[in-house]
Amino acid sequence: MATNLGGVLVAAAVLSAAWELLGRRAFMREMLAAVNLREEVAVSGLSKLSREYLKDVEWDRLIRGATKMDIVVSYAGTWRGTHYEALEHLVAKKNSQLRVFLPDPDHRPTVETIAAGFGMTYEGLQPKIAEAVKEFSQLGNNSTGTVEIYVRKNYFVFSCYRLDDTAIIAFNSHQQKRHKVPTLVVDRGAVWDFVSEEIESIKDQSNLVKPFQAKPTGGTQQSGPLTSPLGTTNQAGAASSPATKTVGGGK
Numbered sequence: 001m002a003t004n005l006g007g008v009l010v011a012a013a014v015l016s017a018a019w020e021l022l023g024r025r026a027f028m029r030e031m032l033a034a035v036n037l038r039e040e041v042a043v044s045g046l047s048k049l050s051r052e053y054l055k056d057v058e059w060d061r062l063i064r065g066a067t068k069m070d071i072v073v074s075y076a077g078t079w080r081g082t083h084y085e086a087l088e089h090l091v092a093k094k095n096s097q098l099r100v101f102l103p104d105p106d107h108r109p110t111v112e113t114i115a116a117g118f119g120m121t122y123e124g125l126q127p128k129i130a131e132a133v134k135e136f137s138q139l140g141n142n143s144t145g146t147v148e149i150y151v152r153k154n155y156f157v158f159s160c161y162r163l164d165d166t167a168i169i170a171f172n173s174h175q176q177k178r179h180k181v182p183t184l185v186v187d188r189g190a191v192w193d194f195v196s197e198e199i200e201s202i203k204d205q206s207n208l209v210k211p212f213q214a215k216p217t218g219g220t221q222q223s224g225p226l227t228s229p230l231g232t233t234n235q236a237g238a239a240s241s242p243a244t245k246t247v248g249g250g251k
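Sequential numbering from 1 applies to the sequence shown in my numbering.
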């Protein structure tokens with residue numbers, strides 16, 4: 001009886017020691033994984049993750065506090081209307097720079113591809129992109145800084161914004177309906193560098209829209225956009241086809 005009891009105690013002690021050892025090792029693995037994850041997050045520059053890019057990002061503060069801003073969107077009707085005053089504040093700063101990259105509203109294959117992804121028709125989407133070109137261009141009318149609008153004959157695989165040392169990425173969805181999508185807010189780091197490289201690549205593939213000009217009235221200049229359609233110039237300076245006249249509205 002005593003022998004059996006002793007064997008049970010020995011077995012229990014062995015199991016306890018083994019369990020403690022295995023538990024400590026598992027704990028250490030978890031700790032190391034957590035440390036590595038924190039390091040990866042730090043390297044990425046990630047400061048915020050959200051599914052409400054219109055509400056959870058401090059857009060007004062970021063835009064008004066920035067000197068340079070890049071925007072890569074399909075048309076951003078709701079976002080544009082909400083933050084237009086902040087954009088006007090940005091471009092009124094001396095030495096400010098605003099660059100906006102949009103799909104080419106005159107390139108039907110591009111518009112049709114984007115429309116299919118959004119669950120829209122060409123006729124429904126094209127005016128929204130054309131309006132975005134016009135309204136973003138109008139920011140240059142009273143700007144002190146630089147405003148450049150580019151159009152590209154291809155769709156964007158994600159939307160992004162770069163404001164000085166901050167970048168925001170909003171993912172596109174394959175679902176043909178509006179719904180919440182993950183949005184990353186990052187400071188300078190690996191992801192910020194990626195966004196910057198992507199924007200410069202998009203710029204190289206895009207045409208620069210001719211800026212709005214003042215129209216003459218009796219020998220004087222009146223501020224405001226030309227009533228004729230916009231034209232575009234490629235990076236080499238060669239003229240391309242004029243943009244379609246804007247109709248319709250964006251969200």
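Cβ atoms here follow ideal geometry from the backbone N, Cα and C, with glycine treated the same way.
Exercise for the section: Take the Cβ of residue 106 as the centre, count every other Cβ of all protein chains shown within 10 Å, and call the residue buried at 16 or more, exposed below. Expected result: Buried is the call here.
Exercise for the section: Check each candidate in 152, 56, 197 and name the one with the smallest Cα separation from residue 209. Expected result: Minimum Cα distance to residue 209 is reached at 152.
Handout entry: Residue burial classification, residue 235 (beta-carbon count within 10 angstroms, cutoff 16)
Key = Legend: pLDDT at residue 235 = 46, less than 50; position of this residue unreliable, value from coordinates given subsequently. By the neighbour-count rule (16 or more Cβ atoms within 10 Å), residue 235 is not buried but exposed.
Practice task
Could you check what DSSP says for residue 100 in three-state terms: helix, strand or coil?
Solution key: In this structure, residue 100 counts as strand in the three-state DSSP scheme.
Exercise for the section: Could you tell me whether the segment 81 to 99 touches the segment 143 to 158, where touching means 3 or more Cβ pairs closer than 8 angstroms? Expected result: When Cβ pairs closer than 8 angstroms are counted between the two stretches, the segment 81 to 99 is seen to touch the segment 143 to 158, the count reaching three or more.
Practice task
Spatial neighbours of residue 206 within its chain, please: CB distance less than 7 angstroms, with the 5 preceding and 5 following residues excluded, ordered by chain position.
Solution key: These residues qualify, in order along the chain: 101, 150, 151, 152.
Problem - Cα-Cα separation, residue 74 to residue 89 - result: Each residue's alpha carbon lies about 23 angstroms from the other.
Practice task
Let me know if residue 123 comes out buried or exposed under the rule of 16 or more other beta-carbons within 10 Å of its beta-carbon.
Solution key: By the neighbour-count rule (16 or more Cβ atoms within 10 Å), residue 123 is not buried but exposed.
Practice task
Give every residue of the same chain whose Cβ lies closer than 7 angstroms to the Cβ of residue 195, excluding the five residues on either side of it in the sequence, and list them in chain order.
Solution key: Closer than 7 angstroms at Cβ, skipping near neighbours: 160, 162, 167, 169.
Handout entry: residue 194 - DSSP class collapsed to helix/strand/coil
Key = Helix, per DSSP.
Problem - Residue burial classification, residue 109 (beta-carbon count within 10 angstroms, cutoff 16) - result: Burial call: exposed.
Exercise for the section: For residue 47, count neighbouring Cβ atoms within 10 angstroms of its own Cβ and tell me buried if that reaches 16, exposed if not. Expected result: The residue is exposed, with fewer than 16 neighbouring Cβ atoms inside 10 Å.
Exercise for the section: Using only alpha-carbon positions, find the residue among 116, 59, 91 that is nearest to residue 139. Expected result: When only C-alpha atoms are compared, the closest one is 91.
Problem - Neighbourhood of residue 79 by C-beta distance below 7 angstroms, restricted to the same chain and skipping five residues each side - result: Result list for residue 79: 54, in chain order.
Problem - Identified DSSP bridge partners for residue 161 - result: BP columns for residue 161 point to 71, 168.
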